[in-house]
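Worksheet: the structure to be examined is printed underneath.
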Amino acid sequence: MTQKGDVIIGLEVHVQLNKLQSKLFCGCSTAYHNSPPNSHTCPVCLGLPGSLPVLNRKSVEYGLRVALALNCQVQQETYFYRKNYYYPDLPKGFQISQYDFPLAVGGSILIKGDDGERKIRITRVHMEEDPGRLVHAGTIDRAKYSMVDYNRCGMSLLEVVTEPDMRSPKEARAFLDKLRTILEYLDVFDGDLEGSMRVDSNISLAGGERAEVKNISSHKGVEKALSYEITRQRNMKRRGIRVIQETRHFDEARNITVSIRTKEEAHDYRYFPEPDLVPLRVADWVPEVAASLPELPDARRESFVSQYGMTDDHAKSLTSDIKVADFYEAVARESPPRLAAVWIADVLKGELNYRGLTIDRFSRQDMVTILEMLSSERIAEDGAVQVIRALLDQGGLPQDIVKARKLERAGDQAVMKAVQEAVAECSAALEDYRKGNERALNFIVGQVMKKTRGRASPTEAFRLVKEAVDRMDA
Amino acid sequence: MLAKLKEQLLSGSAEEYLQGLFDRIEHSKLNAFNALARESAVSRAREFDRQLWGGALAGVPIAIKDGISTRGIETTCSSRILRGYIPPYDAHVIERLKAEGAIIMGKTNMDEFAMGTSTETSCFGPTRNPWDLDRVPGGSSGGSAAAVAGGEAPCALGSDTGGSVRCPASFCGVVGLKPTYGLVSRYGLISYANSLEQIGPLTTTVEDTALLLDVISGHDPRDTTSLEKDSYLNLEEGVCGLKIGVPDEYFGEGVDPLVEKSVWEAISRMEELGASWQKVSLPHTRYALASYYIIAMSEASSNLARFDGLRYGHREAEDQDWHTTFSEVRAAGFGKEVQRRVLLGTYALSAGYYGRYYLKALKVRTLIKEDFQRAFQEVDLIASPTMPFPAFKIGERIADPLTLYMADVFTVPINLAGVPAISLPCGFSQGLPIGLQLIASHFQERLMLRAALAYEEATPYHLQTPEVAA
Chain A
1 MTQKGDVIIG LEVHVQLNKL QSKLFCGCST AYHNSPPNSH TCPVCLGLPG
51 SLPVLNRKSV EYGLRVALAL NCQVQQETYF YRKNYYYPDL PKGFQISQYD
101 FPLAVGGSIL IKGDDGERKI RITRVHMEED PGRLVHAGTI DRAKYSMVDY
151 NRCGMSLLEV VTEPDMRSPK EARAFLDKLR TILEYLDVFD GDLEGSMRVD
201 SNISLAGGER AEVKNISSHK GVEKALSYEI TRQRNMKRRG IRVIQETRHF
251 DEARNITVSI RTKEEAHDYR YFPEPDLVPL RVADWVPEVA ASLPELPDAR
301 RESFVSQYGM TDDHAKSLTS DIKVADFYEA VARESPPRLA AVWIADVLKG
351 ELNYRGLTID RFSRQDMVTI LEMLSSERIA EDGAVQVIRA LLDQGGLPQD
401 IVKARKLERA GDQAVMKAVQ EAVAECSAAL EDYRKGNERA LNFIVGQVMK
451 KTRGRASPTE AFRLVKEAVD RMDA
Chain B
1001 MLAKLKEQLL SGSAEEYLQG LFDRIEHSKL NAFNALARES AVSRAREFDR
1051 QLWGGALAGV PIAIKDGIST RGIETTCSSR ILRGYIPPYD AHVIERLKAE
1101 GAIIMGKTNM DEFAMGTSTE TSCFGPTRNP WDLDRVPGGS SGGSAAAVAG
1151 GEAPCALGSD TGGSVRCPAS FCGVVGLKPT YGLVSRYGLI SYANSLEQIG
1201 PLTTTVEDTA LLLDVISGHD PRDTTSLEKD SYLNLEEGVC GLKIGVPDEY
1251 FGEGVDPLVE KSVWEAISRM EELGASWQKV SLPHTRYALA SYYIIAMSEA
1301 SSNLARFDGL RYGHREAEDQ DWHTTFSEVR AAGFGKEVQR RVLLGTYALS
1351 AGYYGRYYLK ALKVRTLIKE DFQRAFQEVD LIASPTMPFP AFKIGERIAD
1401 PLTLYMADVF TVPINLAGVP AISLPCGFSQ GLPIGLQLIA SHFQERLMLR
1451 AALAYEEATP YHLQTPEVAA
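Those protein sequences? They're chains A and B, same order as listed.
The numbers in the first sequence follow this note's numbering, run straight up by one, and end at 474.
The numbers in the second sequence follow this note's numbering, run straight up by one, and end at 1470.
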């Protein structure tokens, strides 16, 4: 369906800097997520007559952290502008945002593209305030009335705008995943909170007009909306209908996009500099912020490979979430690092994903214990998997689970007995092996595993089977 | 005057004094007040009489322009759209006044959202000039000036975006000061044009203006454009040795000959007191009005966007979809002049016009500021008429907005430049007061006040009161 290379995607990502303690222009707390509506408000964020904004300097610092991590050029001086439009969730009738002289411009990050690594250029990073939230009584088109909650109003947002450098919905998603990873490394953002990242995506086919799909709140949603758009625009092109420049809404329930306004109906936001806020010399802040930046995902990935001797794939998997990376490093301090990499990246992450859980649910000490039992050969690999699953599903202690489920690795006696029985029972496989089919031994090893109910080590079982067979033939 | 009043309050009764003012207001024809805080003010006065607390304004009642937010007292900007709005917080200046022991009497009439020169655009009807009830008190802080001139309040606060303190001070024969932009916190001042306006005092003497300024000025962390203050007390240095600039552009065509004569007499008087004068040039003055109105209207169109009836103020009987409801609320809630300025400002900021109007106006603003900077390299103060003519009749000019805008020609350049200016009485024209405007360089309020005080002490004009106040 997709002709390669003709899809052009650019993103505008609104990131809520929700790790801040207070809002962008007032002292209201940002911890509103479980509070009653309109309980986190004051004259400033409600835009009461006569109130004035005061810039939260920490917001600027967080913004600079992001700008630097995205390899942007920080401006000498940055200005706030008013973006004027009416909407019930916007209590001042304008949003304080940035326009000319944004915080930073001209950055880039690397993502996993469809054909290897791709560099996505960042056009600009700017600060703005979040509006409130409308809650409709019923669905938006049939609601008799709507209610407004201004708790969110005035939260610090960072808008990250990319160049049209993505070539598929999958790449768009990879960009968003990478951005989220970086933001969490910077400790400015918690992506688990509702509405913390909202995306406007621009998409066109080469030579055609672009459509903007606005306000999608999940990475998966972005991928779906963009896939739908490609189909829609391609079908139009095929039928000879011109795609027009317009703004569209993604209907998450129906998985389609619908037009909300065309270019002719576009808003004129009447931007002008906000007189209540003075220009900010941000360039002076850069050295200090740069010095405080943590190690970022790409750098950490490289250091995992060189420091712990793991594969690049494992390093990538472990560093794509800062919590997993921290978990790994804590475990690796007390366990063989390569073994830890395999078990956390390949097994634990998979089991967590399958259950929709995060790494916070697993104890570092439990992982150390499991790895210790594995390397001392007290349990086999299959047993270790069972312990991990039981810990996630029922809880408890690894030692107790091993005992209760009889996962102690079988002693040599029991394994030897199983080997002798298996070799005796599998004469056909033996025959094949003797004809030169090396793989036939695997069947016998499988029988050994079955007889020991998985308590034998597969490598050990293979060695013993081969020895037994070779002895018979000697 | 306030110093004397404070003594009187200490030995006498603040409650009695305040009740006297309220009785006077109730029988007044001036229509200077929109709302009286009678109950809370009297109870504060009673408390004062018991406790005799200290403070720069201990026990002194003060009238507040209705565009300044006062906790618990309806604050409307004289607009229908804000009827019923009772702010949950005090403006910075109100906190300062209360901290110094003052008593908030009530809210004074003004042009709707401070848009006017005559206090005629108020939804509460016009305020009348105490010197001639058929005439306007000036605007937009007309209620504050009339209350002070008419003896209904010993002092008041106004706000000055393009002359809104100085114009009514001039028309009502009182003292009014527009501080340097940034000297007084605007926190709680309902914005009309936020890059231009400042809160300022209106009083009967220079000394009282200085006292009020000393109380309300200084840095407030809630207004990032506010800065540190000087002291404005003990201004005995006089005017001797100061160089006064006289700009040609502020005299001549369109200026009432009696006004011009009084201002020249004032300049001579200061010369007699030891000052010298020389001509200065402010060549971009003729572009000031156009620049001012574009900037003020553009900012107003954005500042007034929040008035949609959703959270406070006027609401139409029946709600429609939000778009219709907002439009209906704004159509019914805003008066004609406000609608005109919001429309013009919206136009000036629109795509394709922004560069032609708003940006150009900002460039002119810079040129005007440079005019003043150049002039203040040569002189300490600039003297001019505050208004080109004395108070006009109610209804005389309101139908012709352009003529009305022209009246601001000597006051708006000061706001564009951000410098301070004071208006003080300097004579009469057929029984109507004339105002002298003294302009100083940024943050030179102290120098300006000491010259004003020296002039005032040498002249009798501030001692005359209108019959209505007698």
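Here a beta-carbon is modelled for each residue, glycine too, at the ideal position from N, C-alpha and C.
Because the structure is a prediction, the values reported are computed rather than measured.
Got a sec, what are the start and stop residues for the alpha helix (DSSP H) residue i sits in?
| i | result |
| --- | --- |
| A/ASP314 | Residue identity check: residue 314 of chain A is His in the sequence provided, not Asp. 312-319 is the span of the alpha helix (DSSP H), which, as asked, contains A/HIS314. |
| B/ILE1294 | 1288-1303 |
| B/ASN1109 | No alpha helix (DSSP H) contains B/ASN1109, which DSSP labels as neither H nor E. |
| B/GLY1142 | 1142-1149 |
| A/VAL188 | A/VAL188 -> no alpha helix (DSSP H), and no H or E assigned at all. |
| A/GLY454 | Segment: none, A/GLY454 is in no alpha helix (DSSP H) and carries neither H nor E. |
| B/LEU1010 | 1002-1011 |
Contact defined as beta carbons within less than 8 Å: I believe residue i pairs with residue j. What is the distance between those atoms, to the nearest angstrom?
| i | j | result |
| --- | --- | --- |
| B/ALA1146 | B/THR1127 | 5 Å |
| A/SER51 | A/VAL60 | 20 Å between Cβ atoms; not a contact. |
| B/MET1448 | B/PRO1420 | 6 Å |
| B/ILE1094 | B/THR1119 | Not a contact, Cβ separation roughly 21 Å. |
| A/TYR185 | A/ASN38 | Contact doesn't hold; Cβ gap of about 34 Å is too wide. |
Spell out whether any CB of chain A is found under 7 Å from the CB atom of residue i.
| i | result |
| --- | --- |
| B/THR1324 | no |
| B/GLY1143 | no |
| B/GLY1160 | Position check: residue 1160 of chain B holds Asp in this sequence, whereas Gly was assumed. Taking Cβ atoms only, chain A never reaches closer than 7 Å to B/ASP1160, which makes this a no. |
| B/ASP1230 | no |
| B/GLY1188 | yes |
| B/ASP1132 | no |
| B/ASP1256 | no |
| B/LEU1404 | no |
| B/ASP1023 | no |
| B/ASN1415 | no |
| B/TYR1293 | no |
Does any residue of chain B bring its CB to less than 7 Å from the CB of residue i?
| i | result |
| --- | --- |
| A/PHE25 | no |
| A/TYR86 | yes |
| A/PRO102 | no |
| A/LYS92 | yes |
| A/PHE362 | no |
| A/ARG142 | no |
| A/PHE272 | yes |
| A/PRO36 | no |
| A/THR2 | Because A/THR2 carries a pLDDT of 46, less than 50, the predicted location of this residue cannot be relied on, and no value is offered for it. |
| A/ARG82 | yes |
| A/GLY132 | no |
Counting along the chain, where does the beta strand (DSSP E) carrying residue i start and finish?
| i | result |
| --- | --- |
| A/ASN215 | 211-216 |
| A/GLY395 | No beta strand (DSSP E) holds A/GLY395; DSSP gives it neither H nor E. |
| A/VAL347 | From DSSP, A/VAL347 is part of no beta strand (DSSP E); its letter is neither H nor E. |
| A/HIS126 | 116-129 |
| A/MET197 | 197-205 |
| B/VAL1468 | That residue, B/VAL1468, is in no beta strand (DSSP E); it is neither H nor E in DSSP. |
| B/ALA1056 | Unbroken run through B/ALA1056: none, as it is neither H nor E. |
| A/PRO379 | Rather than Pro, the amino acid found at residue 379 of chain A in this sequence is Ile. First-last for A/ILE379: undefined, no H or E at that position. |
| B/PRO1034 | It is Asn, not Pro, that sits at residue 1034 of chain B in the sequence shown. Element bounds for B/ASN1034: 1033-1036. |
| B/LYS1029 | That residue, B/LYS1029, is in no beta strand (DSSP E); it is neither H nor E in DSSP. |
So is the beta-carbon of residue i under 6 Å away from any non-hydrogen atom of the ligand ZN?
| i | result |
| --- | --- |
| A/ALA428 | Among the components of this structure there are no ligands whatsoever, and the ligand ZN is therefore not found. |
As an exercise, report each continuous beta strand (DSSP E) stretch of at least 3 residues that is fully enclosed by the stretch 1316-1403 of chain B, in chain order.
You should have 1381-1385.
I'd like the ranges of any alpha helix (DSSP H) spanning at least 4 consecutive residues and lying wholly in the stretch 1167-1224 of chain B.
List check, alpha helix (DSSP H) in window: 1206-1216.
Which runs of the beta strand (DSSP E) spanning at least 3 residues fall entirely within the stretch 54-114 of chain A, listed in chain order?
List check, beta strand (DSSP E) in window: 81-84, 94-97, 104-113.
Taking any Cβ of chain A, which residues in the stretch 1301-1320 of chain B have a Cβ under 9 Å from it, in chain order?
For the stretch 1301-1320 of chain B, which is checked against every Cβ of chain A, the residues closer than 9 Å are SER1301, SER1302, ASN1303, LEU1304, ALA1305, ARG1306, PHE1307, ASP1308, LEU1310, ARG1311, TYR1312, GLY1313, ASP1319.
For the stretch 238-314 of chain A, list the beta strand (DSSP E) runs that are entirely contained and at least 3 residues long, ordered along the chain.
Scanning the stretch 238-314 of chain A from its first residue to its last, the whole beta strand (DSSP E) runs of 3-plus residues come out as 246-251, 256-262.
Against chain B: residues of the stretch 146-159 of chain A by CB proximity under 9 Å
Answer in chain order: SER146, VAL148, TYR150.
Could you please tell me which residues of the stretch 52-65 of chain A, in chain order, have their CB closer than 9 Å to any CB of chain B?
Taking 9 Å as the Cβ-Cβ cut-off, the stretch 52-65 of chain A approaches chain B at LEU52, PRO53, VAL54, LEU55, given in chain order.
Residues of the stretch 255-281 of chain A in Cβ contact with chain B at a cutoff of 7 Å, in chain order, please.
Contacts with chain B (Cβ-Cβ distance below 7 Å) from the stretch 255-281 of chain A involve ASP268, ARG270, PHE272, PRO275, ASP276, LEU277, VAL278, listed in chain order.
Contact residues within the stretch 1336-1359 of chain B, judged by C-beta distance below 8 Å to chain A
So the close ones are THR1346, LEU1349, SER1350, ALA1351, TYR1354, TYR1358.
Counting only runs that start and end within the stretch 1059-1111 of chain B, where is the beta strand (DSSP E) found for 3 or more residues in a row?
Fully enclosed beta strand (DSSP E) runs of no fewer than 3 residues occupy 1061-1065, 1103-1108 of the stretch 1059-1111 of chain B, in order along the chain.
Just by C-beta distance, which residues in the stretch 1221-1251 of chain B are closer than 9 Å to chain A?
Residues PRO1221, ARG1222, ASP1223, THR1224, THR1225.
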